[in-house]
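Chains as they are written, first to last, in this note's numbering: chain S, 1 to 624; chain V, 1001 to 1102; chain E, 2001 to 2500.
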Amino acid sequence: MKGLVLIMLLAPLAGAALNALAGSRLGRNGVRASACAAVLIALAAAAGALILSHGRIQDFTLWSWIKVGSFQAAMDVHYDSLAGLMAMMVTFVGSVIHLYSASFMREDQGLVRYYVYLNLFTFFMLVVTLADNLAFLYLGWEGMGFCSYALIGFWYGDNEKASAGRKAFLYTRIGDIAFGVVLALCFVWFDDLTITGINAQAAGLSHGAALALGLLLFWAAAGKSAQLPLSVWLPDAMAGPSPVSALIHAATMVTAGVYLLMRLFPVLQASPEVMWLLAAVGALTALWAALAALAQRDIKRVLAYSTLSQVGYMFLAVGASDIVAGMFHLLSHAFFKSLLFLAAGCVIQALDEEHDIFRMGGLQRKMPQVGMLFFIGALCLSAFPLLGGFFSKDRILLAAFLEPGLSYKLFWAAGFLAALLTPLYTFRAYFVAFGPRKAGSEVKPSRGTPRFMTAVLWPLALLALMDGLLNLPMGPGKHWLARFFSNVPGARIELPASGGMELAMALVSAVGVLAALGLAVWLYRGRAAESAEKGWRQALAQALYLDRLQLSLLVRPYRAVSNFLWREVDDGGLDLGFTTLAQGLGIVSRGWAAWSGGRLTVYLFSVLLALAAVVVLLTFAWFA
Amino acid sequence: MVPLEHVLVLASLLFLVGAACVVARRNLLMIIIGVEVMLNAAGLALVGGSLYWRNLDGQALVVFILAVAAAEVSVGLALVVLAHRRRRSLNPDDFKMLGGSR
Amino acid sequence: MFPMPLLSLLILLPLAGGASLAFCARRMAACRVVALAVSLLELILAVSLLMLPQTQAAGGGHWLLWEDHAWLPALGMRYTLGLDGVSLLLVLLTALLQVICVLISWERITERPGLYYFLLLLMQTGVNGLFLAQDLFLFYLFWELQIVPMFFLVGIWGHERRVQASLKLVLFTFGSSLLLLVGILGLYAAHGAQSGQYTFSLASMLAAPPSAPVQFWVMAAFLVGFAVKVPLVPLHTWLPEAHTQAPTAGSVLLAGVLLKTGAYAVFRVALPLLPLAAGGATTLIMVLALVGIFYAAWVARAQEDLKRLVAYSSIAHLGVVMLGLGIWNLLSVSGAVLQMLNHGLSTSALFILAGMLQDRLGTRRLVEMGGLWKQMPVLSAFFLFFAMASLGLPGLNNFVGELLVLVGAYQAHSLAAAAGFIGLAWGVMYVLRMVQATLFGPDREREGLRDVSAREALVLGGLAILVLFIGLHPGPVLDLIEGPVAAAVGDGARLALATP
């Protein structure tokens, strides 16, 4: 078992190391083969571990990393159902994306660099998935941040793209400050940095302590998962290659924040205020992002805001004390969102880096497979009844609705509204990009799409469609996922709702989705242009100006203070002070030097003066 | 008998005159003259002391001083002549080649 | 105990080697080979000292080696040298950086090579002596000695404003060490008056600290002296200029070693000797260190000169070290000492890379760089690697030290720790700016840019391996220093002494 986990972790790392050191000698095929093989091996190991674990929890230590006194940051692994399933998802989606990239990046100069970072990222994500010790988790956490930075700014020749990577790193680092404090707090309060240990002691936390820990964990997770107010980096992160967006900014890194919250759920549960905050932020982000997605022109930005929205749902799930729902949605989202991103990648490449949906059109006919795949993804994202996204989103909304208190009903309402908007913006993108247009105004793809690229996506599509089977609310095999998660602290199998209420909510959602779908068809089918002058559309496109606000409130003042501190304080104040002191001493020195300028008369005068002084002193000494 | 105080006062006045001559005049020769005067003033004080304590040691010392003064004057004047030949000036302020970076 | 006076050998070997350079002073090829040989020999000697058992000698000391001879008994000065885990670590760092400095100066120093390598070796003598000295006057002697070669190195082989930079360096350091001397003499006098025995020996002073008012003044004097060296804001303004104008090897030694002498002195001399004044001193150090972390990082972001940016980053990193020392508990001091090593490795690498860029591009200005990854991928990869190390990315060395310092800080003073964590975010701003301005951006298609040579790759690769090794397996280093650190922190003021 330990061996399988080690293989799972080390295979991608070895792949990265191999390509980093010898990539140029392996040739393009060698690099692609070794990188994909590494992830596939990890997938096999993850599957094996899942099967062999038989639902039991496994804890073991891989490496004693840092140890001083009673402070111990060892590389511990905590393998329970949550970790096992997450690892499966990461390696599976990772494999698909590695394979897809072999085709997508076939002509790129930086192929070796790409695969090194991609493999490295997979390693770090698996570390986060499996880690027990918080410091070890932090290793994976920050490592992912670095790989994300490198991959977003992958096409570094463009300063804007490089800046997007920088922005991502910065915002996640701001979140990571809180993680660091959590580490310190856990050591000081619990003398134990392991998740298992912390969860065990969570029940005994005082109110204030739980609140502090919870808030810090929220902040750290919000940074990584791009929830409000740390959201603005994700839309800009679309500057990276599409497979990167699929892997990092749909399936894995942005869900790492949610995953952390789920791992440490007992701590969060100890503080109702934190739970409320999580639900509030999740609901708010879900709604805000859905609104913003409605006005985006760049197909990847639509998907980015959609990701923000869906991760918001996951936060809402955690805030509503239902981590099964959160994980369920995480899995569904991973499948359909990466599918959407990868399909979008096919389109973007075929149209020679065109991102604007209004400059696309009629692609369903030109690229039928891609169009179909996108359509499947869009259906799942919209929570079309009986498909994957439907059951997971539905359970989240139900959980939110069932929580006591008026505010949770409001969160439910926000979530429901966002659920209505989702089909709207998704099918807006679909119809405008793929839907039929007036003849003559359609776009022709200038490059063909390799068959391999689309072939790889079908398994993903299948999983997206069938994903609902994981946790059906009724029928044979119902709540399979929930029961699978029975060894995860805090997981609830069933929600305390009557069968009638569940059915009612499901029906309401289904009707809403279908209605929104109909609205989307009516509004956007055949639409070839959108006027951008409307004020509300501008505001939505800029996501209610959050980015600009943070730019002027935070970034510009920071730079201004930076310059000020350098020129005025350091060079001007401190340094000038010392220089003036030195110059003053110089002046005094030159003044004194005049005394010994080699002039005889001065010397003679000084001698006689000294003599007189001596005589006077002697006189006083004689008579005193 | 001359009171010692009178001798000492005269000697000190002479000394001060000599010192003033050294300091206040911008002329190398006047410096030498001033030094001579100071030496003689000291000699005068020694003679007075010898008289007061009825001891010939003081007067013996005066003879020494006269000899030293003579030697010093001869060497000093020779130097002044050479210096004047170099610089065409007897102003001590002109001879500051050994002075600082001014 | 040992037939050979190993510690004196550690100090005198570079000097002797440097003196032998007189025979080949003008020939660059011969000089550098001799210098390399001497540095390698010194490194081997230092590494072999690692094999010494960590003896818990009688009295509970952690001394690995001890040498004691009379020097000027009438004045109470003895030639006493002692080696424990902490000093061994710093001696090793110095030896390693010395080899690296010789290697990176290989092609670059063509005028007066003999003098140059002699000065490098002389600096090693001074610094080793400082790390080993157990007699305050001997300590002061070596403290003064280390500046002299640096003055000449910066003044002769530096860049455009080298004369001003070296003058500034000397004025600041000698000015402050004057206060240090006053403090040492004051301590000597007070100790003598109190115990009747006038001695400069560190050990005896540890055993009998003077009265409170004396401690206060002496601590003030010491702190000014050491704070300029570290440097602690606001006495830091000599550093950016000196670092920027120094030749690459000079910058490496300055950042890697000389700055550590200040922190080491606080650890070894200032805090243990003056326990009553230590409380106020640690608070002051802690505050200044935190200010330094933020201030230096903030100013670094605005820099236009690459080396100056790295210089300010040094100040920020040393701020973390001093924060650890200011907290003065097991975790944070261990972290601080580890950071001394870490900073010596990662920042030296950045200076080496900056020097390489200056040689190739003819400029240090960031606006004239950019898009370097295309033409120099290996150099850029190293640059990114060490920038991430400097940032404190987990898995690399700085993270371990910073984590230990901050967690230890939280044990004692949670607000300071929280501020420290926030300060880490400040670091991201300037590092990412540095990376983007140099490596990313459109390719400017410069002529004739060579990627790293084999020798440069050896140096950078070696440093990278060390950075990675310490990041993932800091155990050996932490074990080496645990004894002395625990003793220093646990006893408060007493550092148990044992003469083998």
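From the three backbone atoms N, C-alpha and C, an ideal C-beta is built for every residue, glycine too.
Close to Ile2422 of chain E, with beta-carbon spacing below 7 Å, are these residues of chain S in chain order: Ile177. Boundaries of the alpha helix (DSSP H) harbouring Lys300 of chain S: 299-319, taken from the DSSP string. Annotation for Ile2352 of chain E: the continuous alpha helix (DSSP H) segment containing it runs 2330-2361. By the Cβ neighbour-count rule, Pro2442 of chain E is exposed, with fewer than 16 other Cβ atoms within 10 Å of its own. Against chain S, the CB of Val1017 of chain V has no partner CB under 7 Å away; the residue lies outside that interface.
Within the same chain, Phe336, Leu387, Gly388, Gly389, Ala464 come within 6 Å of Cys380 of chain S by CB-CB distance, once the 5 residues on both sides are set aside.
With a cutoff of 7 Å on beta-carbon distance, Ile97 of chain S and Ala45 of chain S are scored as not near each other. For Val93 of chain S, none of the residues of chain E pass the 9 Å Cβ criterion, the least Cβ distance being about 24 Å. For the C-beta of Leu617 of chain S, not a single chain V residue is nearer than 9 Å; the gap to the nearest is close to 17 Å. Between Ala22 of chain S and the set S:Asp570, S:Arg113, S:Val456, the nearest pair of CA atoms involves S:Arg113.
Spatial neighbours of Thr194 of chain S in its own chain (CB-CB distance under 8 Å, excluding positions within 5 residues in sequence) are listed in chain order as Asp76, His78, Asp132, Asn133, Leu134. Taking the Cα positions, Gly468 of chain S is about 25 Å away from Val521 of chain S. Under the 8 Å Cβ criterion, the region 2464-2482 of chain E does not count as touching the region 2314-2323 of chain E, having fewer than three qualifying pairs. Excluding sequence positions up to five before and after Ala256 of chain S, its CB lies within less than 6 Å of the CB of Val128, Lys224, all in the same chain and listed in chain order. Neighbours of Ser2334 of chain E across chain S, judged by C-beta separation under 7 Å: Val68. DSSP places Phe452 of chain S in the helix class (H, G or I) of the three-state scheme. Taking CB atoms only, Pro2476 of chain E has no neighbour in chain S less than 7 Å away. Around the C-beta of Phe1064 of chain V, fewer than 16 other C-beta atoms lie within 10 Å, and the residue is accordingly described as exposed.
By the criterion of at least three beta-carbon pairs nearer than 8 Å, the region 137-154 of chain S is in contact with the region 165-173 of chain S. Collapsing the DSSP output to three states places Asp352 of chain S in coil. Chain-ordered listing is empty here: chain V has no CB closer than 7 Å to the CB of Gly586 of chain S, the nearest sitting near 12 Å.
Residue contact with chain E for Tyr114 of chain S: absent (no Cβ-Cβ distance below 7 Å to any residue of chain E). Looking at the DSSP output, Asn133 of chain S sits in a beta bridge with S:Thr194. Thr61 of chain S sits in a strand when the DSSP states are folded into three classes. Using a Cβ-Cβ distance cut-off of 8 Å, the region 177-184 of chain S and the region 2416-2433 of chain E are in contact, since at least three pairs of beta carbons, one from each stretch, lie closer than that value. Contact check between the region 2370-2378 of chain E and the region 2434-2451 of chain E: three or more CB pairs, one atom from each, fall below 8 Å, which counts as touching. Between Ala2409 of chain E and Ser2334 of chain E, the beta carbon gap of about 12 Å keeps them out of contact (Cβ cut-off 8 Å).
Remark: C-beta atoms of Tyr2430 of chain E and Arg2268 of chain E do not approach each other more closely than 7 Å.
Any Cβ of chain E closer than 7 Å to the Cβ of Glu142 of chain S would place that residue at the interface, and such an atom is present. Proximity of Ser103 of chain S to chain E, defined by a Cβ-Cβ separation below 7 Å, is not satisfied. Per the coordinates, the alpha-carbon of Leu331 of chain S lies some 11 Å from the alpha-carbon of Lys393 of chain S. Cβ proximity to chain S below 9 Å picks out Gly2371, Trp2373, Lys2374, Pro2377, Ala2381, Leu2384, Met2388 from the region 2371-2389 of chain E.
Non-local beta-carbon contacts of Val1047 of chain V in its own chain, meaning distances under 8 Å to residues more than five positions away in sequence, involve Val1007, Gly1058, Gln1059, Val1062 in chain order. Per DSSP, the beta-bridge partners of Thr2080 of chain E are E:Asp2068. With three or more CB-CB distances shorter than 8 Å, the region 2334-2349 of chain E counts as touching the region 2395-2411 of chain E.
Beta-bridge analysis with DSSP links Arg483 of chain S to no other residue.
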